Amino acid sequence: MSATAAARRRLFTSRTAVLLAALALAPLAAELGGGPYIGYAFALGTAFALSVLGNNLIVGYLGEANLAGGAFLAVGAYASAIALAHGLPLWLAGLIGIAAGAVIGALLSIPAARVHGHQLALATLGLAWAAPDVIRYAEAWTGGSDGMYVPTSGGIPAGLGGLADTYVVTGIFVVCALLVLVALRGRAGRLLLTHAEAGPAARGFGVRAWAVAMLAWGACGALGGLSGVLYGHIVGYLSPDEFTFQVSLFIFVGSMVGGARSVPGAWIGGLLAGAVPQLLSDIPGGGSILTFGVVLAAVVALARIGLYPSLELLGARLRPARKEAADE
Amino acid sequence: MSDPLLVVEDVTKRFGAVAALDGVSLRLARGAAHGVVGPNGSGKSSLLNCVAGHYTPSTGRIAYRGATITAAPVGSGRRRGIARTFQNLQLAASLTLEENAMLGPRNVRKESARRKRARDLLAEWGVAGYADAYPPTVPYGVRKVAEIVRALLAEPDLLLLDEPAAGLSPHERADFAERLSAFHTARTGTAVVLVEHDVAFVQRICSTLTVLDHGLVVRTGEAAEVMADPAVVRSFLGREPDDD
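Residue numbers (numbering that gives the first Met the number 0), protein chains in the order written: chain W, 0 to 327; chain P, 0 to 243.
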């Protein structure tokens with residue numbers, strides 16, 4: 000068995016341990032090193048990482064462009080907040096947020112099974128564009144343009160942030176990332192890749208294209224919905240202005256920058272999509288967007304296959320050199 | 000021929016004004032090996048695509064084990080016991096050859112069992128050393144073998160091979176023909192439809208042939224008789240056989 004294929008099949012490697020340790024220490028480092036605001040931005044970025052993780056299933060595995068990440072986020076955030084407002088417990092409200100995202104994702108898979116490439120990208124763009132107006136239109140439920148506060152539940156206050164919240168969000172990301180990894184390394188991942196890269200063979204061997212698309216889009220929607228549930232809990236207030244097309248674009252960019260087939264890359268992409276814009280927002284005028292754009296352009300130019308895969312590649316290139324040096 | 004496995008009856012497939020197949024008929028007995036030859040664009044692959052369900056014929060009928068499958072969905076072929084390879088290789092570049100082959104087995108739920116079957120058959124076909132390699136990194140001939148292995152893992156009653164020897168060196172062709180012939184001798188229950196340009200290759204495996212040209216059947220029958228037909232030679236050479 001070649002080293003690459005064997006490593007790809009193994010889930011728990013020394014690299015996984017390093018990544019888990021980094022995830023365990025990062026919230027503490029963010030909070031202690033940067034203060035509560037940095038900790039807050041970190042939690043927000045990790046919540047976004049779930050959206051990026053879902054988006055990776057579409058971009059990295061199905062090979063399609065998804066520009067509806069912000070819409071899934073909005074659906075999850077509002078569905079769980081509305082459920083909380085109706086007195087449902089937090090766990091149930093969370094499940095409703097995830098389910099709502101999954102349903103929208105699964106529905107989107109119906110046109111996605113028929114149109115591809117830029118046409119599908121435009122369809123998802125339409126959903127992202129429509130989301131703020133739909134929220135405003137459903138004023139009786141969402142508070143319209145005035146927005147709505149995310150109610151507290153079970154003694155867990157929304158919008159508090161803090162280290163405990165950050166660890167909860169990080170823990171949820173780790174669990175979801177492991178679930179996605181296990182699924183992708185098994186039959187589901189194989190079917191997704193065969194469907195995307197050898198479509199006629201997949202169809203010829205009985206793989207149902209609509210089922211694969213529904214699975215991927217449903218999972219993407221569910222992860223986006225969960226991301227929204229956590230977003231609502233961290234921020235504590237929802238408004239249509241928070242779910243503009245720009246959010247979808249940030250999530251898409253997060254996939255591309257982190258590495259569209261990389262689970263650790265999803266975390267990096269999430270931090271970039273969710274935390275960096277927050278941290279740059281103090282720059283006056285249009286400086287924050289300009290700085291974000293410059294950072295993105297630099298990352299894309301230096302790491303075309305995504306940041307995490309580029310780091311892996313660099314590590315693989317350095318390893319023989321280090322071994323040779325040690326041998327000498 | 001009593002109780003044929005496959006019947007293709009007067010099948011026409013049109014793409015706009017172009018008829019890729021024009022009234023093609025074919026009967027195949029269980030366990031038989033039948034070659035389909037003809038120049039480029041003669042409709043060989045279109046015929047295979049119609050039988051496999053990738054194309055729906057414009058007119059005509061296709062029956063398999065007595066049941067009409069003319070408009071059956073493409074994925075249903077595998078359930079019925081039809082497996083195929085592709086003229087343009089269809090292997091997922093991000094999966095190893097073993098993982099690609101694991102798509103093949105029918106009615107095997109356990110992952111470890113699928114993996115073992117794929118690995119064993121890849122070894123049987125002499126490419127075990129490439130099982131963990133990715134398609135773009137291995138020689139073309141190895142990729143061709145991987146496609147055949149994937150199809151064989153489905154344990155088909157009807158195996159459709161679309162130009163399996165195209166792009167191979169003469170040595171690889173000879174080896175391939177020997178392996179296919181040995182497989183067909185060992186698996187007497189599997190019928191084979193072999194589409195190829197290389198008539199000599201086809202004749203090593205198939206005893207009967209159909210020659211297509213511009214979507215029409217030029218001649219069908221015993222291989223030696225078919226190849227001796229002046230109309231067949233004309234369709235291959237583009238001139239009368241005794242011109243020189």
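Just so it is clear, CB atoms sit at the ideal spot from N, CA and C, and this is done for glycine as well.
For clarity, every value in this text was computed on a predicted model and none was experimentally measured.
**Prompt:** Looking only at C-alpha atoms, which of P:Ile61, P:Arg105, P:Thr58 and P:Val6 sits nearest to Leu27 of chain P?
**Reply:** P:Val6
**Asked** Under 8 angstroms between the Cβ atoms of Val256 of chain W and Val298 of chain W?
**Response** Between Val256 of chain W and Val298 of chain W, the C-beta spacing is below 8 angstroms.
**Prompt:** Within 10 angstroms of its Cβ, does Gln89 of chain P collect 16 or more other Cβ (buried), or is it exposed?
**Reply:** buried
**Asked** Thinking C-beta only, is Ala221 of chain W closer than 8 angstroms to Ala46 of chain W?
**Response** No; because the gap between Cβ atoms is not below 8 angstroms, this pair is not in contact.
**Asked** For the alpha helix (DSSP H) that Ile57 of chain W lies in, which residues bound it at each end?
**Response** Per DSSP, Ile57 of chain W belongs to no alpha helix (DSSP H) and is neither H nor E.
**Request:** With a threshold of 16 other CB atoms inside 10 Å of the CB of Lys109 of chain P, please say whether the residue is buried or exposed.
**Result:** exposed
**Request:** Quick one: using the 10 Å Cβ neighbour count with 16 as the cut-off for buried, is His125 of chain P buried or exposed?
**Result:** The residue asked about is misnamed: residue 125 of chain P is Gly in this sequence, not His. Gly125 of chain P is exposed by the Cβ-count criterion.
**Straight-line Cα distance separating Gly34 of chain P from Pro229 of chain P** = Approximately 18 angstroms between the Cα atoms of the pair.
**Request:** Go ahead and label Tyr136 of chain W buried or exposed: buried means 16 or more other beta carbons lie within 10 angstroms of its beta carbon, across all protein chains shown.
**Result:** exposed
**Request:** Could you check how far apart the C-beta atoms of Tyr236 of chain W and Tyr148 of chain W are, in whole angstroms? I think they sit under 8 angstroms.
**Result:** Rounded to the nearest angstrom, the Cβ distance from Tyr236 of chain W to Tyr148 of chain W is 5 angstroms, consistent with a contact under 8 angstroms.
**Listed by chain order, chain P residues near Glu196 of chain W by CB distance under 7 angstroms** = Ala91, Ala92 and Ser93
**Request:** Could you tell me the boundaries of the alpha helix (DSSP H) in which Ala222 of chain P lies?
**Result:** Secondary structure note for Ala222 of chain P: its alpha helix (DSSP H) is the uninterrupted segment Ala222 to Ala227.
**Opening and closing residue of the beta strand (DSSP E) in which Tyr63 of chain P lies** = Looking at the DSSP string, the run of the beta strand (DSSP E) that includes Tyr63 of chain P is Thr58 to Tyr63.
**Amino acids of chain P, ordered along the chain, whose beta-carbon sits closer than 8 angstroms to that of Val206 of chain W** = Gly74 and Leu102
**Prompt:** Using a Cβ-Cβ distance under 8 angstroms, would Pro150 of chain W count as near chain P?
**Reply:** no
**Request:** Report yes or no: do the stretch 69 to 77 of chain W and the stretch 119 to 133 of chain W share at least 3 C-beta pairs separated by less than 8 angstroms?
**Result:** For the pair of segments examined, the stretch 69 to 77 of chain W was found to touch the stretch 119 to 133 of chain W: the number of CB pairs separated by less than 8 angstroms reaches three.
**Request:** Leaving out five residues on either side along the sequence, give the residues of the same chain with a beta carbon under 8 angstroms from the beta carbon of Ile204 of chain P.
**Result:** Same-chain partners within the cutoff: Ala32, Gly34, Ala176, Leu179, Ser180, His183, Val191 and Leu193.
**Request:** Could you confirm whether any beta carbon from chain P is found closer than 8 angstroms to the beta carbon of Leu192 of chain W?
**Result:** yes
**Prompt:** So, is Leu91 of chain W buried or exposed, given that buried needs 16 or more other C-beta atoms within 10 angstroms?
**Reply:** exposed
**Message:** For a test of the three-state rule: what should DSSP assign to Ala230 of chain P, helix, strand or coil?
**Reply:** helix
**Asked** Contact check, Ala48 of chain W vs Phe172 of chain W under 8 angstroms by CB: the rounded distance?
**Response** 5 angstroms
**Asked** When you compare each of W:Gly273, W:Met213, W:Leu61 and W:Arg184 to Val246 of chain W by their alpha carbons, which one comes out closest?
**Response** W:Gly273
**Item:** Ser108 of chain W to Glu196 of chain W span [Cα, whole Å]
**Value:** 18 angstroms
**Phe242 of chain W burial status per 10 Å Cβ neighbour count (16 or more: buried)** = buried
**Prompt:** Below 8 angstroms, can you find three or more Cβ-Cβ pairs linking the stretch 204 to 218 of chain P to the stretch 5 to 24 of chain P?
**Reply:** In short, these stretches touch, since the Cβ pair count reaches three.
**Prompt:** For the beta strand (DSSP E) that Gly22 of chain P lies in, which residues bound it at each end?
**Reply:** Val17 to Leu27
**Message:** Between Tyr54 of chain P and Ser41 of chain P, how many whole angstroms is the CB-CB distance? I'm expecting something under 8 angstroms.
**Reply:** Wrong, their Cβ atoms sit about 15 angstroms apart, outside the cutoff.
**Asked** Just how far apart, CA to CA, sit Ala296 of chain W and Gly269 of chain W?
**Response** 17 angstroms
**Prompt:** What do you reckon, are the CB atoms on Leu94 of chain P and Arg116 of chain P nearer than 8 angstroms?
**Reply:** Taking 8 angstroms as the cut-off, the beta carbon of Leu94 of chain P is found no closer than this to the beta carbon of Arg116 of chain P.
**Request:** Give the DSSP bridge partners of Thr11 of chain P, in chain order.
**Result:** P:Thr58
**Prompt:** With a Cβ-Cβ cutoff of 8 angstroms, do Ile250 of chain W and Ser79 of chain W count as a contact?
**Reply:** no
**Asked** Secondary structure at His115 of chain W, three-state DSSP: helix, strand or coil?
**Response** Secondary structure at His115 of chain W: coil, using DSSP grouped into helix, strand and coil.
**Prompt:** Grouping DSSP H, G and I as helix and E and B as strand, with all else coil, what is Val17 of chain W?
**Reply:** helix
**Prompt:** How would you write the range of the alpha helix (DSSP H) that His53 of chain P sits in, first residue to last?
**Reply:** Here His53 of chain P belongs to no alpha helix (DSSP H), and DSSP marks it neither H nor E.
**Item:** Spatial distance of Thr15 of chain W from Tyr36 of chain W (CA atoms)
**Value:** 28 angstroms
**Prompt:** For the stretch 183 to 263 of chain W, which segments carrying the alpha helix (DSSP H) assignment without a break, of at least 4 residues, lie completely within its bounds, in sequence order?
**Reply:** 186 to 196, 198 to 203, 208 to 234 and 244 to 257
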